[in-house]
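Please read the structure below before turning to the comments.
There are 2 protein chains.
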Amino acid sequence: VIELKNAAKYYNMGENIVKALDGVDIKIEEGDFVAIMGPSGSGKSTGMNLAGSLDHTTKGEVYLDGENIALLEESELAQIRGKKIGFIFQQFNLIPNLTAKENVMLPMLFQNTLEEEREERAEELLRLLGLSDRESHYPNELSGGQQQRVAIARSLANNPEVILADEPTGNLDSKSAQQVLELFRNLNKENGQTFVLVSHNPKHSEIADRVANLIDGQIESDRNPSGS
Amino acid sequence: VIELKNAAKYYNMGENIVKALDGVDIKIEEGDFVAIMGPSGSGKSTGMNLAGSLDHTTKGEVYLDGENIALLEESELAQIRGKKIGFIFQQFNLIPNLTAKENVMLPMLFQNTLEEEREERAEELLRLLGLSDRESHYPNELSGGQQQRVAIARSLANNPEVILADEPTGNLDSKSAQQVLELFRNLNKENGQTFVLVSHNPKHSEIADRVANLIDGQIESDRNPSGS
Ligand SMILES: Nc1ncnc2c1ncn2[C@@H]1O[C@H](COP(=O)(O)OP(=O)(O)OP(=O)(O)O)[C@@H](O)[C@H]1O
Ligand SMILES: Nc1ncnc2c1ncn2[C@@H]1O[C@H](COP(=O)(O)OP(=O)(O)OP(=O)(O)O)[C@@H](O)[C@H]1O
Ligand SMILES: [Mg+2]
Ligand SMILES: [Mg+2]
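So the protein lines, in turn, are chains A and B. Going letter by letter, the first sequence gives residues -2 to 225 in this note's numbering. Going letter by letter, the second sequence gives residues -2 to 225 in this note's numbering.
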């Protein structure tokens, strides 16, 4: 589904080069449930942005369903991305002047769904995330964890093939976090949706089929926790 | 140091009233190390904002060093707050057009410290948080956890009497989180600085002297974990 080949992202800071990601090879297959772990600053969000074609590599390639995304028109890429990939950003990136429900409906706008369908699906997703009574709140009228849950609902709006979740439960209490992880695992089992989870929470690596460890912009290990 | 008396915060959402905090009594003494736990949406950030005089109560009072803050001039309150209280916000609130170092120096500006002192202290704090090599990065050139650590450094800039930390390690890997908590405990022991930590991480309640549990805007329990 998504593949990074020797992917690197460098930033020129004048005196020195910051190597956010430094030659990463990783292949995400359909139906995978992968956890990406690593210290703060190790390159996880950078890797996610590259994998989700939200950013361009400095070196190496990113393949989406076998296609090198560097060869796609931006508009074509945006269309594919909107349809196939759901994002949960580390800092939510909710639209401040849209309510929780409108934020969840937004991705569906570009996928030719009817207004009524969009409303129903948004309501259903917010219900799944325990936010039925917060539909009409704006982001600044929501707690941190509620904003995070709206971001999660939004990422599922188009039933995407792959969900890239950058620390999806960092602002949630353990009970809410548990519910979110169970939701992800069910969608993975029942719908075959692919999940890539960046997290600092060791529990997330336990429920994943596969754990990749990122250190200083490079993958140190990439294996199945159960050892098989 | 800080006391909330029957403190409540209500939001009028047209059809209904949202009770973010609903009659909270809590007294934070000098040298305390308190953890505030509770589900997402239970009122923790609201309570912290009221305690830090960043917001006004709908009912009840907030006392800072024995003074009812509602009786203070806004300018007077701002001065006291800048001197006595250090904040770590759940969403960091770094100034986007200031570098990491400038963000840390900012609180000191209003406390009559010399430029050189401000620089040295900011560098020292960033060093303590493992960010010496990121001093000149702007917030959007920092990872989530690095931004969080800059926010932590900033909160300590004026050596405040009390640090109000709203989920200070949510974006940190366990090793960095551990270092931050050890730093807090040392400052508490050696400097007598008071810490109020909001967190979802059970580990934080383990290291605290006192744990208060917030449910639906009210304190359910407030005790010393060791039972004494
Ligand atoms: N400006 C506002 N208008 C309306 N409702 C609000 C507003 N701010 C907060 N709330 C509501 O008040 C409740 C408490 O919010 P608060 O941010 O204090 O929760 P919290 O315990 O910090 O949650 P979290 O752990 O998710 O950060 C939430 O249910 C939230 O929806
Ligand atoms: N725009 C940028 N300019 C310069 N350096 C950057 C930029 N973006 C990221 N970096 C650096 O690249 C490194 C990797 O950043 P990234 O956000 O991918 O880390 P992360 O693993 O997601 O960290 P965290 O767990 O703290 O969120 C960091 O050291 C960061 O300082
Ligand atoms: Mg990150
Ligand atoms: Mg909060």
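Ideal Cβ positions, reconstructed from N, Cα and C, are used throughout, including at glycine. None of the values given here were measured: they were computed from a predicted structure.
Rounded to a whole number of angstroms, what is the C-alpha to C-alpha distance between B/Glu73 and B/Gly83? 16 angstroms
On the DSSP bridge list, what partners appear for B/Ser140? Partner(s): none; B/Ser140 has no beta bridge.
Does the distance from the CB of B/Gln108 to the CB of B/Asn155 come in under 8 angstroms? yes
Is B/Lys172 a contact residue of ligand 3, with contact defined as CB to any heavy atom under 7 angstroms? no
By the criterion of Cβ-Cβ separation under 7 angstroms, what are the contact partners of A/Pro36 in chain B? Asp170, Lys172 and Ser173
Please list the residues of the segment 55 to 67 of chain B that have a C-beta atom closer than 8 angstroms to any C-beta atom in chain A, keeping them in chain order. none
Report the rounded CA-to-CA distance for A/Ala205 versus A/Gln76, giving the unit in angstroms. 29 angstroms
Whole-Å CB distance - A/Phe192 paired with A/Asn185, under 8 angstroms assumed: 5 angstroms
On the criterion of 16 or more Cβ atoms from any shown chain inside 10 Å, does A/Met45 qualify as buried, or is it exposed? buried
Simplified DSSP assignment, three categories, for B/Ser225: For B/Ser225, the predicted structure reports a pLDDT of 45, less than 50, and the residue's modelled location is therefore unreliable. The matter cannot be settled from this model.
Would you report the Cα separation of B/Ile212 and A/Gly127, rounded to the nearest angstrom? 15 angstroms
Buried versus exposed call for B/Glu117 [16 or more other C-beta atoms within 10 Å across all chains shown]: exposed
Going by DSSP, what residue range makes up the alpha helix (DSSP H) through A/Gly101? Just to set this straight, residue 101 of chain A is Val in the shown sequence, not Gly. Start and end: Ala97 to Leu106.
Residues of the segment 196 to 210 of chain A in Cβ contact with chain B at a cutoff of 9 angstroms, in chain order, please. His197, Asn198 and Pro199
Coil, strand or helix - A/Gln215 by DSSP: strand
Taking 7 angstroms as the line, does the beta carbon of B/Asp213 fall inside it for any heavy atom of ligand 4? no
Within chain B, the residues that A/Ser50 reaches when beta carbons sit closer than 7 angstroms: Correct list: empty, because the minimum Cβ distance to chain B is about 19 angstroms.
If the cut is a Cβ gap below 8 angstroms, which residues of chain A does B/Tyr8 touch? Glu138
Under the three-state reduction of DSSP, which class applies to B/Phe84: helix, strand or coil? strand
Can you name, in chain order, every residue of its own chain whose Cβ lies under 8 angstroms from the Cβ of A/Ser225, other than the five neighbours on each side? The predicted model places A/Ser225 with a pLDDT of 45, which falls under 50 and marks its position as unreliable, so this point remains unresolved.
Any chance the CB of B/Val(-2) is under 7 angstroms from a heavy atom of ligand 1? no
Thinking C-alpha only, which one of B/Ser218, B/Asp52 and B/Leu139 is nearest A/Ser37? B/Leu139
When every heavy atom of ligand 4 is checked, does at least one fall within less than 7 angstroms of the C-beta of B/Ser228? Because chain B here runs from -2 to 225, residue 228 of chain B falls outside it and cannot be looked at.
A/Ile33 bridges to which residues according to DSSP? A/Val195 and A/Ala209
Check whether the Cβ of A/Leu161 sits closer than 7 angstroms to any heavy atom of ligand 5, and report yes or no. Absence of ligand 5 from the depicted structure is noted, with ligand 1, ligand 2, ligand 3 and ligand 4 being the only ligands included.
Compute the minimum distance between the beta carbon of A/Lys186 and the heavy atoms of ligand 3, and state whether it is under 7 angstroms. no
Using the C-alpha atoms, what's the distance from A/Val15 back to B/Arg145? Per the sequence shown, residue 145 of chain B should be read as Gln rather than Arg. Cα to Cα, B/Gln145 sits roughly 19 angstroms from A/Val15.
Using CA coordinates, which residue listed in A/Ser152, A/Ala32 and A/Tyr60 is at the minimum distance from A/Leu1? A/Tyr60
Contact criterion: CB-CB distance below 8 angstroms. Does B/Glu112 meet it with respect to chain A? no
So is B/Gly214 in contact with chain A if we call contact Cβ pairs under 8 angstroms? no
Could I get the ranges of all uninterrupted beta strand (DSSP E) runs contained in the segment 24 to 79 of chain A, with 3 residues as the minimum, in chain order? 30 to 34 and 56 to 61
Determine, using beta carbons only, whether B/Pro165 and B/Ile149 come nearer to each other than 8 angstroms. yes
Residues in the same chain with beta-carbon distance under 6 angstroms from B/Gln190, minus the five sequence neighbours each way, listed in chain order, please. Leu184
Straight-line gap, A/Lys200 to A/Glu26 (C-alpha atoms, nearest Å): 22 angstroms
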